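Below you'll find the structure, written out as structure tokens, and then a few comments.
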Amino acid sequence: MNIALQKPMTVQQFLAWEDRQELRYEFDGFRPVAMVGVTAAHAGIQVNLIGALRTALRGRPCRVYGSELKIAVAGRIRYPDAFVVCTPVEPRAKVVAEPVVVFEILSDSTANDDLVVKNAEYRATPSIQRYVVLQQSHAGAIVFARKGEDWVAEIAADTAAVLRMPEIGIELPLAEIYADIELAAEPD
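See below:
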């Protein structure tokens, strides 16, 4: 039996290939991975998050971007739901190399990648100081942050919680991120 082994793409090959595609793809270090659609709750949380970040960062050197722009992390290319960068970004840039804070919104189909695979990639990227994973079914976040040489996690469990991000000099109440979003009913 002949089985052809596919050579992994390089980041440069992927970027050139993706530029010719109609759909968006992430690069897992080996091959393109198609991006999946999102729910109304996911889209609403993302809009609220980017709006709250944009307002909080106004007048500061850091900027927020959404999932239209890519980041390079650990030899891979990702489209996080939102990220903050504090270094200048060229107006024609399609890939940002030094994100400081990265946000992903969990869904059933992406939970393993977001919590395990991307978490390891973000931890391996020195510029990333904080990785915030937001829940989609209820108000809450898992926040991973650098503390010296460690990558530690804490949980923000309800809308009364505040996301403290000293790396970018702001705090965001979860209530702003989840405002006007219909969430799943909480269990009794």
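Using this note's numbering, you'd call the opening residue of the sequence shown number 601 and step up by one each time.
Beta carbons: idealized from backbone N, C-alpha and C, even for Gly.
Computed from a prediction, not measured in an experiment: that's the story for all the values here.
Relative to the Cα of LEU763, the nearest Cα in the group PRO691, ASP780, VAL716 and VAL743 belongs to VAL743. Inter-residue distance for CYS686 and VAL717 is about 24 angstroms (C-alpha atoms, whole angstroms). Burial state of SER667 is buried, judged by a 10 Å Cβ sphere holding 16 or more other Cβ atoms. One thing to note: GLU698 has its Cβ no nearer than 9 angstroms to the Cβ of VAL733.
With respect to GLU767, VAL700 sits close: the two C-beta atoms are nearer than 9 angstroms. Proximity of the region 753-763 to the region 734-741 meets the contact definition, three or more beta-carbon pairs being nearer than 8 angstroms.
If you draw a straight line from the Cα of ARG676 to the Cα of ARG654, it comes to about 26 angstroms.
Unbroken beta strand (DSSP E) runs of no fewer than 3 residues, entirely contained in the region 611-649, are found at 625-627 and 632-634, following chain order. LYS718 sits in a helix when the DSSP states are folded into three classes.
Out of LEU783, TYR778, GLY769 and TRP751, the CA that lies nearest to the CA of ARG660 is found in GLY769. By the C-beta density criterion, ASN719 is buried, having at least 16 other C-beta atoms within 10 angstroms. Between the alpha carbons of LEU772 and ALA682 lies a distance of about 14 angstroms. Around the beta carbon of ASN712, a 10 Å sphere encloses fewer than 16 other beta carbons of the protein chains shown; the residue is thus reported as exposed. Closest in C-alpha terms to THR610, from the list LEU623, HIS642, ALA674 and GLY748, comes ALA674.
Taking the Cα positions, GLN729 is about 33 angstroms away from LYS607.
Its chain contains PHE627, PRO632 and ILE677 as the residues whose beta carbon lies nearer than 7 angstroms to that of PHE614, once the 5 sequence neighbours on both sides are disregarded; these appear in chain order.
For GLU754, the enclosing beta strand (DSSP E) stretches over residues 750-756. Annotation for ALA672: no alpha helix (DSSP H) segment contains it, though the beta strand (DSSP E) segment containing it runs 670-673.
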